[in-house]
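The structure under discussion appears below in the form of structure tokens.
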Ligand code: ATR
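Numbering (the working numbering), first residue to last: 103 to 383.
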């Protein structure tokens with residue numbers, strides 16, 4: 103009898119643009135693993151049905167992308183701590199016959215920082231720009247890394263205030279207009295807004311008030327070199343781009359489905375960036 107090979111997926115709506123099949127396909131080929139990773143477009147109406155029948159269809163798990171992250175969190179009750187905190191799910195796997203839900207975005211952010219700035223966990227004060235789902239994941243990573251003071255600035259201050267209430271006493275909301283004055287005390291600045299993404303306005307913030315030892319990180323990866331990062335480099339500040347967060351957040355899922363912890367290498371980084379620039383043509 104032929105052993106069935108593990109099958110994983112990414113579900114979203116639409117899902118055609120997802121880079122995850124390229125990423126996991128690269129690792130399957132690199133490690134010579136017999137397995138598959140497919141894109142499946144699932145509408146919101148069909149999400150619950152899909153999740154219920156996932157094991158019957160012989161899937162070992164998969165990724166969840168927009169717009170299903172929050173609804174999957176509501177549906178799948180066995181979750182890891184990160185998904186519980188973030189109230190959103192990006193990774194599913196089967197453990198002892200039970201469908202489990204997790205969120206690997208905080209891990210992905212921290213692992214990317216570890217790759218590029220080994221001492222980033224020694225910093226104590228950070229500012230996070232934005233208050234959406236990505237911001238929440240970054241704030242959780244900062245809390246886990248031991249940051250003592252985390253300022254959250256958002257165009258709509260009320261969203262920052264809600265996030266602060268959720269994430270606890272180490273967080274403080276800041277008005278968007280007060281960012282420049284606040285920068286003097288910031289050791290790590292992270293953009294989690296959509297500003298700077300292809301097709302969006304750039305993030306126009308004057309970084310000159312940041313200390314010379316500050317680190318600037320942008321989770322935007324298309325384009326890779328955002329104006330924010332260019333300004334940081336011009337000022338001689340350490341900078342970290344966003345593609346590594348996308349690559350690292352995929353690691354725990356691949357390991358759970360296919361039994362091997364894959365490496366984030368320069369070759370993978372180049373492969374995914376080439377895919378992105380191909381899309382841009
Ligand atoms: P995600 O879940 O991916 O983080 P999101 O919830 O849509 O996405 O959040 C997008 C973030 O980018 C928000 O913080 C948003 O600010 P608002 O809460 O005020 O909408 C921010 N953002 C988007 N466009 C912006 C703009 N032109 N200026 C400033 N912030 C902007």
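A virtual CB, placed ideally from N, CA and C, is assigned to each residue, including glycine. For clarity, every value in this text was computed on a predicted model and none was experimentally measured.
**Study point:** Beta-bridge partners of residue 273, as assigned by DSSP
**Key:** 252
Practice item. Within 10 angstroms of the Cβ of residue 320, are there 16 or more other Cβ atoms? Answer buried if so, exposed if not. Key: buried
Practice item. Starting from the C-beta of residue 363, find all residues in its chain whose C-beta is less than 7 angstroms away, skip the five residues before and the five after it, and write them out in chain order. Key: 353, 357
Point to revise | Within 6 angstroms of the ligand ATR: residues by beta-carbon to any heavy atom | key: 232, 233, 234, 235, 236, 237, 256, 257, 258, 261, 294, 295, 296, 297, 303
Review point. So which of 270, 141, 112 has the shortest CA-CA distance to residue 187?
Key: 270
Check your understanding: Applying the criterion that 16 or more other CB atoms from any shown protein chain within 10 Å of the CB defines a buried residue, is residue 154 buried or exposed?
Key -> exposed
Check your understanding: Whole-angstrom Cβ separation of residue 125 and residue 326, contact assumed at under 8 angstroms?
Key -> At roughly 16 angstroms, the Cβ-Cβ gap does not stay under 8 angstroms, so residue 125 and residue 326 are not in contact.
**Study point:** Closest residue to residue 359 among 302, 113, 135 (Cα-Cα distance)
**Key:** 135
Point to revise | Extent of the continuous alpha helix (DSSP H) run through residue 109 | key: From DSSP, residue 109 is part of no alpha helix (DSSP H) but of the beta strand (DSSP E) over 109 to 114.
Check your understanding: Could you give the distance in angstroms between the alpha-carbon of residue 202 and the alpha-carbon of residue 180?
Key -> 5 angstroms
Review point. Excluding sequence positions up to five away, which residues of its chain have a Cβ less than 6 angstroms from the Cβ of residue 378?
Key: 324
**Study point:** Cβ neighbour criterion (16 or more within 10 Å) applied to residue 167
**Key:** buried
Practice item. Kindly list the residues whose CB is nearer than 7 angstroms to the CB of residue 116, restricted to its own chain and excluding five residues on each side of it in sequence; keep chain order. Key: 143
Check your understanding: Helix, strand or coil: which one does DSSP assign to residue 186?
Key -> helix
Review point. Among 242, 120, 169, which residue has its Cα nearest to the Cα of residue 184?
Key: 242
Practice item. For residue 201, name the three-state secondary structure that DSSP assigns. Key: strand
Point to revise | Delimiting residues of the alpha helix (DSSP H) encompassing residue 294 | key: Looking at the DSSP string, residue 294 is not in any alpha helix (DSSP H), and its letter there is neither H nor E.
Practice item. State the Cα-Cα distance for the pair residue 177 and residue 197, rounded to the nearest angstrom. Key: 17 angstroms
Exercise for review: List the residues that DSSP assigns as beta-bridge partners of residue 161.
Suggested key: 109
Check your understanding: Among 219, 245, 220, 218, which residue has its Cα nearest to the Cα of residue 229?
Key -> 245
Check your understanding: Candidates 290, 217, 227: which alpha carbon is nearest residue 367's?
Key -> 217
Exercise for review: Would you mind working out which of 281, 322, 341 sits nearest residue 300, comparing C-alpha positions?
Suggested key: 322
Point to revise | CB-CB length for residue 374 against residue 214, believed under 8 angstroms | key: No, residue 374 and residue 214 are not in contact; Cβ-Cβ is about 13 angstroms, not under 8 angstroms.
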